[in-house]
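Below: one structure, written as structure tokens.
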Amino acid sequence: MTTPEIQSNLSFIREGDDVTLTCGTKYNPLRGGTELHFAFYRDGRTVQGYNVSDTYRVRSSQLEDSGNYTCEVRTRSDTVRKMSDGLYIQIHELFSPPDIKVTPSRIIEGDEMTVRCDTRLDPLRGGTELHFAFYRDGRTVRGYNVSDTYRVLSSQLEDSGNYTCEVRTVSDTVRKISDGFHIQIY
-12 MTTPEIQSNL SFIREGDDVT LTCGTKYNPL RGGTELHFAF YRDGRTVQGY NVSDTYRVRS
48 SQLEDSGNYT CEVRTRSDTV RKMSDGLYIQ IHELFSPPDI KVTPSRIIEG DEMTVRCDTR
108 LDPLRGGTEL HFAFYRDGRT VRGYNVSDTY RVLSSQLEDS GNYTCEVRTV SDTVRKISDG
168 FHIQIY
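Quick note, the sequence shown lines up with residues -12 to 173 if you use our numbering.
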């Protein structure tokens, strides 16, 4: 059996992409019918234990799926076992973690208040539709829609609180939430 080689179906991977890794090896044709079992590892930890599939799929990849991947092949009887060299997989951000931006900086009761959920989408994925939601003290003040802005036309004291926003892809494969931002109405 040859030393296995691990390959990815994608050369550049962004959050939310489905990635398929393949563990390729050849074995002596005189040993026809030898059943091979494959295992996959990320940074030395098992991500898929031994089975007959020579592929490992990462569905809706996330940043934490980045790492050094290896595969190991063995005969069913475990008399021969070989490990591939590593393949480093880097998952790139689809969009940046959001930040809350508020205008005006000092809000007096009755003022219009604008809360914006600021994120940067990868320019090569500019066609990706993002949806935004806004929360005050953990409660939804505006559910998901395409606008990155939440407006209060006449702010009241009860509009004060800790605001967060969440951004997600339409398919909900990637979602990120901002840090809290305290807004005080005077």
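All C-beta atoms in this analysis are idealised placements derived from N, C-alpha and C, irrespective of residue type, glycine included.
Under DSSP, serine 83 forms no beta bridge with any residue.
Residue pairing from DSSP places serine -5 in a beta bridge opposite Leu8. Each residue's CA atom was taken as its position, placing glycine 97 and aspartate 86 some 25 angstroms apart.
Glutamate 96 is not bridged by DSSP to any residue. In the three-state reduction of the DSSP assignment, leucine 140 falls in the coil class.
Closest in C-alpha terms to threonine 21, from the list Lys13, Tyr28, Phe27, comes Lys13. For lysine 163, the enclosing beta strand (DSSP E) stretches over residues 162 to 164. Leucine 81 is positioned such that its CB atom lies closer than 8 angstroms to that of glycine 3. When C-alpha distances from asparagine -4 are compared across Tyr150, Val139, Asp5, Gly148, the shortest belongs to Asp5. With fewer than 16 other beta carbons inside 10 angstroms of its own, leucine 140 counts as exposed. Taken through DSSP and simplified to helix, strand or coil, aspartate 159 comes out as coil. Under the DSSP assignment, lysine 69 falls in the beta strand (DSSP E) whose first and last residues are 68 to 70.
Shown here for aspartate 146: same chain residues with a beta carbon closer than 6 angstroms to its own, the five before and five after excluded, namely Val139, Ile172 in chain order.
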